[in-house]
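To start, the structure itself, in structure tokens.
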Amino acid sequence: MNRTALFIAASVASISMAYGQATNNPPGGILDGVDITGNTGEAAAGASGIPSFEVTGSTLSGGVGATRSLPISVDASGGEGIVIGSVGSSLIHNSSTVKGGTGGSANVTVGSGTLSATAHGGDAIDFTPGLTSDSLTIDGANLTGGSGGMVSALAPVKLFANGGAAIDMASGGTLNLNSGTLTGGNGGTADTSAGFLTARGGRGVSIYGAYAMGTIDDDVSVSGGKGGSVANGGDGAQAMGGDGLFILSTSSQTLDFNGGSFSGGDGGSAEFNTDLVSNPLQEKNYFGEAYGETESFSGARGGHGVRYFNDDYLVYGVTLDISDGKFKGGDGGTSINNGAGDSIADGGHGIFTDYADINISGGTFSGGAAGTANGEAGSRGAGVRMRDGNLTITDGTFEGLGLWFESHYYASTANISTGTFGDVIFTATYDEFFDAANPATVTIDDGTFGNVLMNGSSVVDATINGGHLDGLELAGTEQEIELAFGGGTVTATPSMIATITGGSVDVLKIGGSNALNTVTVSDATIGSVNFEGSSANTVSISGTGVDRVSFAGTGDSLALDGAGVTSVGFAGSSSNFLGLANNGANLDGVTMEGGGYGAVTYSGSSHDIGDVNVSSGTLDITGTDFGISDIIISSGTLNVSGAGLEVAGKHVYQLGSMDAMLNVDSLMVKKSGTLDVGLGTVQAKDFTVEDDASMKTTFSDDGAGGVDTGVIEGENVDIGDIAKWTLVNDGSVSSSENFADGFLLATASSNLTHELDALKFEIIGNPEWAQGVNGFTTNGGNLVATYGDLSLEKLFENYPGLVETMGFLADYIEDNPELGTYVRTNWTGVLQAAPDMNEVFARTPEMANALISLPSIFNDQIKDRTRSYLRLANYGSKANMAPAGAAGPSDWYHDSVQWTKDRLPFWDAQGATRSASDNAPMPNISGDPSEVGKPYMAESTSKGSDYDALVDAVHGALPMPTEDIEIPPSYQIWGRGYAAMLNQKTTGSFDAVDDYFSGYDATVAGAILGMDKRLNNMMFGLAGGYAHTMLEGNRDNDGTANTVHGVGYFSAMLNDLYLDANVNYAFSGVETTTMDDFGYSGEYDANTLSFYLGGGYGLSMLQDKLLLTPEASLLMTYYNREAYTETSDIAGSDTAFPDKNYDSYDQWSQLMSIGATLSMVQQIESFSSELEIQPELRAHWLHEFNAQMDDETYTGGAAILQAREEDLVRLGAGIRFSKWDNDNTEFGLDVDGVLGSDYDAVIVSGKIMHRF
């Protein structure tokens, strides 16, 4: 049955129930299995004045609010699900569902600040106890507040469209939450052009006044509703999420949370225009208004999971005992304030209390995420937010901003035994009511924490006995407090105190504004200590190590007793102090910046300091028996007292500007150490530079025609034979005229000694490349480096390959100064001159390389002759060997042709042509046509006149013997012509001249004539020839050579094996030239002697059509050159470079070759005659066993030859053809390419071999 409404009431005389008709005197009120919806804006059911009331298995829904538009205040709120008043005990259970009605639509049609439009959602249950013994129990029911409706009006009407509560409970009575789901309704929509607007989410449970909370079990879920949407509020607007459990009370009692879930609703959307600022007490008003009701709080904050609010700060005594449960704040929404006032979109807190004690032994606590306020993120909510009370935590999980604990009007304590925490805040706020600083006292025994912040305007006193903190920050802020009574202000100076006796802190940050911070650490582990802000900080650490200490505050002091520190940093403009007593470890480094003053003081045992870096300000380091690894002073002063310093190993002490200063009792620059004075000043009573140390000084234009330099000042200055002293131009000096008075290096008030060598000075940014430091003066205790002309030996000191030659050349220039002038004017600097000097004095034309390559080219010609012999001997074939003679017998040839014709398709070109001609259609032509010219068709039996004419021409051009001379058939005369192009690529870097080789191109052209004799399976022969070599260096190191040579050769064959050998001698006349700027040229004779041994094995394939010959060989070449002289003749100059008298030179080469040759015999028709043609392909790998070339030496220097390529690939092809039918002439052409990473060559050769 769906009834419209039900109301149960009791009078003095009787109890009655009404549905439209009456049933008298029932024993009590029970709604069982009913489904009731209230009329418009009215409750579904109610009970009053009866002993008990029960709802079981029923659905009760408040009526939806009306739609109203009037020129007066209107209310279109939804009705309650149930209204309970003065009922002894009420039970809602057995899956009952109770809902508040949704707000309707309310519109005020006129504008008046005294009018309002309301469309709240109805409460699911409105519970008003008549006696404190009245109770309401929720057991297995679902309660939901109605959502707010829609309100609008003309300005400045106030609009309200809040969501309803699941339970709205008045003062008195007891509430038991055994199980069920309680959810506040969502906020509605409010819109006006001005006025105050609210569309807050409804609360899960809302309690006002004194009450008694019964059980809260694990199966209960309480949630606030989501904030609604408000727009155009002129006096502020609220779209906050609803609280899960809200209590406004002054009663003293204990609330037990044994479980359950409590969640705040998310904030909604609020847009408004107000200049009002939220209550400075943040979210509460001490004069009777409930939280959130004040108009000065605007925005879309998230709701709290549990909010306990004590409206009277004089009453204190509520305790929340939490053993389990989940407590979560709602997320912040979106808030836009177009005025100058507040705009709040913070996340809600899991638990938020005032004037209450909390005991937590378990549970999970998390705040809501921050929303967006005027385009910027708000603040995140805390898991537990507690103001004025005592907190005890023995366990629990506190996520995100896990805990925010504040002392304001009461001295408050927080004791944490253990737990898992995100970030934590401990705040102490000065009491403006009683003009008092009520401290927050904190004790942490164990647990894991994120960053812990101690802040506020009062006193936070924390003792940390254990646990781990990612960070601990002391950040109190001095404030001017306006007193609540009597007027006036007071300056509240905060005091943050941290006593750490155990556990570990990764980062200890000490700062704030005008606070008094005190930190004492003993037997704890501290990662780093950072001083910030403007507070006066006193920190002492003993018995533990610190990774880094950073001073960036004012007047900070840190004392370390028996505790090591890794690094220290000073920043800011004030004075800060670090005291190290009985330091247990080395200090890795100290930095100073910000223009202030920093002091590091050692006492007791001292250890070394790592790097010290001063960029501004003054740093004092005082102690005994310590060292500093590296020092960098870009500006500012470093004072070191109580210990002498040593720049050792590869460490560097470096100063920058003229404001940079290093003051030390004594300073020694050790071997391999470096002191860079820059433009600064080094002051040392005793200053020593050992042999092989390095020095560096910067110079700048002093504005008076001289230079300012960095200077060493001391009583006793002793500088040894340093490895190098570098003078650096800061870019302000452009003329060598500034160096007229030299460079001031050091001053000594008592003793000055040095062993400086001008050759070890280098000037970076020198205006004149050929001038520099050339001497020293020591007048009046000042050590000055003088400036003037430099020797070539000094100029080219960075090029090891030129050092010896430049020393020889420098001596020559002393006697020939005009050559020195030529060098300084012909080149503009060392970088330009060095490659040229290198090319002429450390390199030479690569004629040795080119001439050593000649025997390989000669050997190719001999090998071609031996290949002809092997082919003639039918090498590798399974057929019988041909008889002696230049050509085989005709029967052998005809047998081969017939064998080929039997196995290959045959096309009779002549017959096919005739057939095509005979069968071609002929046009009908009248008259006597002209004679038709036919193409030439030679008969197959003819000799082929074209080819014969070519052979006759060759015969006519060759010297022919008279008929009286007869050469035996076993002799053969042959000849070959050849040309080769060789390219050696550039290698190395042009800037790094020592490994730079410019490379070259070379061409070789020549001819060879030989004669040999065959004897059985062997052949012996002699040959000779001429070759001309032209070498062009890529940087003008050129040469030519005319070479004659003779060779004796031998070839032997046994079945499929063959063996070749030859010995070759060559004599060359060589001429060389270098680049024109030096004008060197020379002439000399050179000899080469080579020995060749090679062999192969023939493999016949495809029935003697192909022959594959694997081969291996070794070519050994000995090169020898006589001593000679290169002379210089520079065009247009009266001077010349000195002669270069080269020593004699010899060099060996061992070149191995492994590869194979593929040959073929084929028949073709050409020149109307059949020819024998033999194509050939070759592929070989070449390896040079002695690739590195020895240097060529001359008086005063040496020339380095470019190394030969160690591994090369050689690819070649050749073709040989002749007429077999008793023809005595053979032609041939070969092309070979040699390829390597930096070397390549192409060799082309041709031959004519004739049988006389």
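Residue numbers for the sequence shown, in mature numbering (1 follows the signal peptide of the UniProt record, and there is no 0): -18 to -1, 1 to 1234.
The C-beta atom is built at its ideal place from N, Cα and C for all residues, glycine as well.
Values in this document were obtained by computation on a predicted structure and should not be read as measured data.
- With a 10 Å radius around its C-beta and 16 neighbouring C-beta atoms as the bar for buried, classify T1054 as buried or exposed. buried
- Message: I'd like to know whether the C-beta atoms of R958 and Q843 end up nearer to each other than 8 Å.
- Response: yes
- Message: Here's a check: name, in chain order, each residue in its chain whose Cβ is nearer than 6 Å to the Cβ of Y1221, leaving out the five neighbours to either side.
- Response: Q966 and E1187
- Item | 3-residue-minimum beta strand (DSSP E) runs that sit fully inside the segment 656 to 722, ordered along the chain | 656 to 660, 663 to 671, 676 to 683, 689 to 691, 693 to 701 and 706 to 711
- Which two residues bound the contiguous beta strand (DSSP E) that contains A541? S539 to D543
- Cβ-based burial, Q636 [other Cβ within 10 Å; buried from 16]: By the neighbour-count rule (16 or more Cβ atoms within 10 Å), Q636 is buried.
- Message: Need the endpoints of the alpha helix (DSSP H) that residue 1310 sits in, please.
- Response: Residue 1310 is absent from the model: the chain starts at -18 and stops at 1234.
- Item | Contacts around D57, its chain only, beta-carbon distance under 6 Å, and the 5 residues preceding and following it disregarded | T100
- Task: Give me the Cα-Cα distance between V65 and A29, rounded to the nearest whole angstrom.
- Result: Answer to the nearest angstrom: the Cα atoms are 6 Å apart.
- Query: Roughly how many angstroms lie between the CA atoms of residue 1235 and G1137, to the nearest whole one?
  - Reply: Residue 1235 falls outside the range modelled here, since the chain spans only -18 to 1234, and no answer is possible.
- Message: Considering only DSSP beta bridges, list what H450 is partnered with.
- Response: Looking at the DSSP assignment, H450 forms a beta bridge with T430 and S486.
- Three-state secondary structure (DSSP) of T256: coil
- Are A816 and V975 close, meaning C-beta to C-beta below 8 Å? In this structure, A816 lies near V975, with their beta-carbon atoms less than 8 Å apart.
- Specify the secondary structure class of M222 as computed by DSSP and reduced to three states. coil
- For I701, which option in Q1156, T126 and F758 has the closest C-alpha, if you only look at C-alpha atoms? F758
- Grab me the residues of G345's own chain with a C-beta within less than 8 Å of its C-beta, minus the 5 sequence neighbours each way, in chain order. F239, I304, S305, D306, G307, K308, F309, G378 and T379
- Between the beta-carbon of D440 and the beta-carbon of A480, is there less than 8 Å? The sequence given here places Ser at residue 440; Asp does not occur at that position. Not a contact, by the Cβ cut-off of 8 Å.
- Could you have a look at F608 and say whether DSSP puts it in helix, strand or coil? Here F608 sits in coil by DSSP.
- Query: Can you tell which of H633, D647, L1159 and G1078 has the C-alpha that lies nearest to the C-alpha of E1093?
  - Reply: Cα-wise, what sits closest to E1093 is G1078.
- Message: Quick check on L1039: buried or exposed, where buried means 16 or more other Cβ atoms within 10 Å of its Cβ?
- Response: exposed
- Query: Who does G1006 pair with in a DSSP beta bridge?
  - Reply: L991 and G1028
- Item | DSSP state of G618 mapped onto helix, strand, coil | Assignment of G618 by DSSP, reduced to helix, strand and coil, places it in the strand class.
- Please determine if the segment 664 to 676 and the segment 685 to 698 are in contact, where contact requires at least 3 C-beta pairs separated by less than 8 Å. A contact exists between the segment 664 to 676 and the segment 685 to 698.
- Task: My understanding is that L1133 touches L1097, with C-beta atoms under 8 Å, so please give their C-beta distance in whole angstroms.
- Result: Sure, about 5 Å apart at Cβ, within 8 Å.
- Name the residue from N1016, T826, M1142 and A27 whose alpha carbon lies nearest to the alpha carbon of M1083. M1142
- Query: Thinking C-beta only, is G166 closer than 8 Å to A148?
  - Reply: yes
- Message: Using a 10 Å radius around the Cβ and a threshold of 16 neighbouring Cβ atoms, would you call residue 1243 buried or exposed?
- Response: Because the chain here runs from -18 to 1234, residue 1243 falls outside it and cannot be looked at.
- Message: Rounded to whole angstroms, what is the Cα-Cα separation between G789 and L738?
- Response: 19 Å
- Identity of the residue in D1111, G1028, G329 and Y1100 nearest G1064 by Cα: When the alpha-carbon of G1064 is set against those of D1111, G1028, G329 and Y1100, the nearest one is in D1111.
- Close beta carbons around D771, own chain, < 6 Å, minus the five adjacent residues each side: Q753
- Query: Nearest CA to the CA of F178: which residue from G184, G122, D257 and S203?
  - Reply: D257
- Item | Euclidean distance between Cα positions of S924 and F1032 | Confidence at S924 is low in this model, with a pLDDT of 35, below 50, so its placement is unreliable and no value can be given for it.
- Message: For I426, which residues in the same chain have their Cβ closer than 6 Å to its Cβ, ignoring the five residues on either side in sequence?
- Response: I398, I446 and G449
- Give the C-beta separation of V139 and G93 to the nearest angstrom, bearing in mind that I take them to be a contact with Cβ-Cβ under 8 Å. 6 Å
- Message: Within a Cβ cutoff of 6 Å, which residues of the same chain sit near S1227, ignoring the five residues on either side of it in sequence?
- Response: For S1227, where only same-chain residues beyond five positions count, the Cβ hits under 6 Å are R958, Y960 and D1212.
- Query: Going by the beta-carbon positions, is the gap between L383 and D405 smaller than 8 Å?
  - Reply: Yes, Cβ-Cβ distance for L383 and D405 is below 8 Å.
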